[in-house]
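Shown next, in C-alpha coordinates, is the structure this report addresses.
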(Lines of atoms letter the chains of each structure in order from A and count residues from 1; the text may use other names and numbers.)
(Lines give C-alpha, C1' and ligand atoms only; values in the text may rest on other atoms or scores of the structure.)
Protein backbone atom coordinates (compact mmCIF):
# COMPACT_ATOMS: atom_id res chain seq x y z
CA UNK A 1 0.00 0.00 0.00
CA UNK A 2 1.32 3.43 -0.91
CA UNK A 3 -0.05 6.78 0.16
CA UNK A 4 0.69 9.89 -1.82
CA UNK A 5 -0.04 13.23 -0.21
CA UNK A 6 -0.13 16.60 -1.90
CA UNK A 7 -1.17 20.18 -1.27
CA UNK A 8 1.24 21.49 1.32
CA UNK A 9 2.89 24.85 1.02
CA UNK A 10 3.36 28.25 2.59
CA UNK A 11 0.58 30.63 3.51
CA UNK A 12 0.06 33.66 5.70
CA UNK A 13 -1.94 33.47 8.90
CA UNK A 14 -5.63 33.45 8.16
CA UNK A 15 -5.13 31.72 4.83
CA UNK A 16 -6.26 28.32 3.59
CA UNK A 17 -4.73 25.18 2.18
CA UNK A 18 -6.15 21.87 1.07
CA UNK A 19 -4.30 18.60 1.49
CA UNK A 20 -5.17 15.46 -0.42
CA UNK A 21 -3.99 11.88 -0.11
CA UNK A 22 -4.61 8.92 -2.36
CA UNK A 23 -3.95 5.29 -1.44
CA UNK A 24 -2.91 2.71 -4.00
CA UNK A 25 -2.22 -0.98 -3.78
CA UNK A 26 -4.08 -3.84 -2.18
CA UNK A 27 -5.66 -3.71 1.24
CA UNK A 28 -8.46 -5.58 2.82
CA UNK A 29 -10.58 -2.64 3.89
CA UNK A 30 -10.23 0.69 5.60
CA UNK A 31 -11.17 1.27 9.21
CA UNK A 32 -10.43 4.97 9.11
CA UNK A 33 -8.30 7.46 7.24
CA UNK A 34 -7.00 10.79 8.33
CA UNK A 35 -4.24 13.24 9.07
CA UNK A 36 -1.55 13.61 11.70
CA UNK A 37 1.01 16.34 12.04
CA UNK A 38 4.41 16.77 13.60
CA UNK A 39 5.94 20.11 14.41
CA UNK A 40 9.67 20.50 15.09
CA UNK A 41 10.56 19.14 18.50
CA UNK A 42 7.07 17.78 19.10
CA UNK A 43 5.42 14.41 18.89
CA UNK A 44 3.18 13.43 16.03
CA UNK A 45 -0.44 14.19 16.86
CA UNK A 46 -3.82 13.41 15.38
CA UNK A 47 -5.43 16.26 13.48
CA UNK A 48 -8.56 14.61 12.10
CA UNK A 49 -9.79 11.30 10.85
CA UNK A 50 -12.88 9.88 9.22
CA UNK A 51 -14.45 6.47 8.78
CA UNK A 52 -15.74 5.18 5.43
CA UNK A 53 -19.21 5.83 6.81
CA UNK A 54 -18.39 9.52 7.19
CA UNK A 55 -17.94 9.73 10.95
CA UNK A 56 -15.27 12.38 11.43
CA UNK A 57 -13.44 13.45 14.55
CA UNK A 58 -11.14 16.38 15.10
CA UNK A 59 -8.50 17.48 17.54
CA UNK A 60 -9.72 20.35 19.70
CA UNK A 61 -7.13 22.70 18.26
CA UNK A 62 -8.62 22.48 14.73
CA UNK A 63 -12.33 22.27 15.43
CA UNK A 64 -14.23 24.78 13.37
CA UNK A 65 -11.24 25.49 11.15
CA UNK A 66 -10.38 22.19 9.45
CA UNK A 67 -12.66 19.77 7.63
CA UNK A 68 -11.78 16.28 6.50
CA UNK A 69 -13.59 14.36 3.81
CA UNK A 70 -13.12 11.15 1.88
CA UNK A 71 -13.97 9.55 -1.42
CA UNK A 72 -14.15 5.86 -0.63
CA UNK A 73 -14.39 4.80 -4.26
CA UNK A 74 -11.15 6.59 -5.05
CA UNK A 75 -9.39 5.79 -1.75
CA UNK A 76 -8.73 9.43 -1.12
CA UNK A 77 -8.91 11.61 1.94
CA UNK A 78 -8.68 15.38 2.03
CA UNK A 79 -8.14 18.04 4.65
CA UNK A 80 -9.44 21.54 4.09
CA UNK A 81 -7.60 23.91 6.39
CA UNK A 82 -9.00 27.38 6.93
CA UNK A 83 -8.02 30.20 9.26
CA UNK A 84 -4.52 28.82 9.49
CA UNK A 85 -2.35 29.94 12.38
CA UNK A 86 1.44 29.92 12.81
CA UNK A 87 1.03 27.08 15.33
CA UNK A 88 -0.35 24.94 12.49
CA UNK A 89 3.12 24.86 10.95
CA UNK A 90 4.14 21.21 10.75
CA UNK A 91 4.69 18.26 8.49
CA UNK A 92 1.31 16.71 7.82
CA UNK A 93 1.02 12.96 7.29
CA UNK A 94 -1.94 11.11 5.88
CA UNK A 95 -2.80 7.81 7.48
CA UNK A 96 -4.92 4.84 6.50
CA UNK A 97 -5.76 2.20 9.08
CA UNK A 98 -6.76 -0.99 7.29
CA UNK A 99 -8.78 -4.08 8.09
CA UNK A 100 -5.77 -5.72 9.71
CA UNK A 101 -5.46 -2.68 11.98
CA UNK A 102 -2.22 -1.79 10.23
CA UNK A 103 -1.31 1.85 9.84
CA UNK A 104 -0.07 3.08 6.48
CA UNK A 105 1.61 6.47 6.23
CA UNK A 106 2.14 8.98 3.48
CA UNK A 107 5.48 10.68 2.98
CA UNK A 108 4.49 13.90 4.72
CA UNK A 109 3.83 17.31 3.29
CA UNK A 110 5.08 20.54 4.85
CA UNK A 111 2.67 23.29 5.82
CA UNK A 112 4.22 26.60 6.82
CA UNK A 113 2.09 29.42 8.20
CA UNK A 114 3.71 32.81 8.63
CA UNK A 115 2.43 35.58 10.88
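In our numbering, the protein residues as written are 107 to 221. Note that beta-carbon positions come from the ideal geometry of N, C-alpha and C, so glycine has one too.
Would residue i be called buried (16 or more neighbouring beta carbons within 10 Å of its own) or exposed?
i: residue 155; result: buried
i: residue 184; result: buried
i: residue 129; result: buried
i: residue 196; result: buried
i: residue 167; result: exposed
Could you have a look at residue i and say whether DSSP puts it in helix, strand or coil?
i: residue 172; result: strand
i: residue 179; result: helix
i: residue 202; result: strand
Considering just the uninterrupted stretch of the beta strand (DSSP E) at residue i, what are its terminal residues?
i: residue 110; result: 108-112
i: residue 123; result: 123-130
i: residue 142; result: 136-144
i: residue 115; result: 115-118
i: residue 189; result: Premise fails: residue 189 is in no beta strand (DSSP E) and is neither H nor E.
Check whether the Cβ atoms of residue i and residue j sit closer than 8 Å, and answer yes or no.
i: residue 124; j: residue 213; result: no
i: residue 217; j: residue 199; result: no
i: residue 111; j: residue 127; result: yes
i: residue 151; j: residue 138; result: no
Per the DSSP calculation, residue i is bridged to which residue(s)?
i: residue 162; result: 156
i: residue 209; result: 203
i: residue 221; result: According to DSSP, which records beta bridges pairwise, residue 221 is partnered with nothing at all.
Would the C-beta of residue i count as close to the ligand ADP, meaning under 7 Å from any of its heavy atoms?
i: residue 171; result: For the structure depicted, the ligand ADP is absent and the ligand set is empty, with no information on it obtainable.
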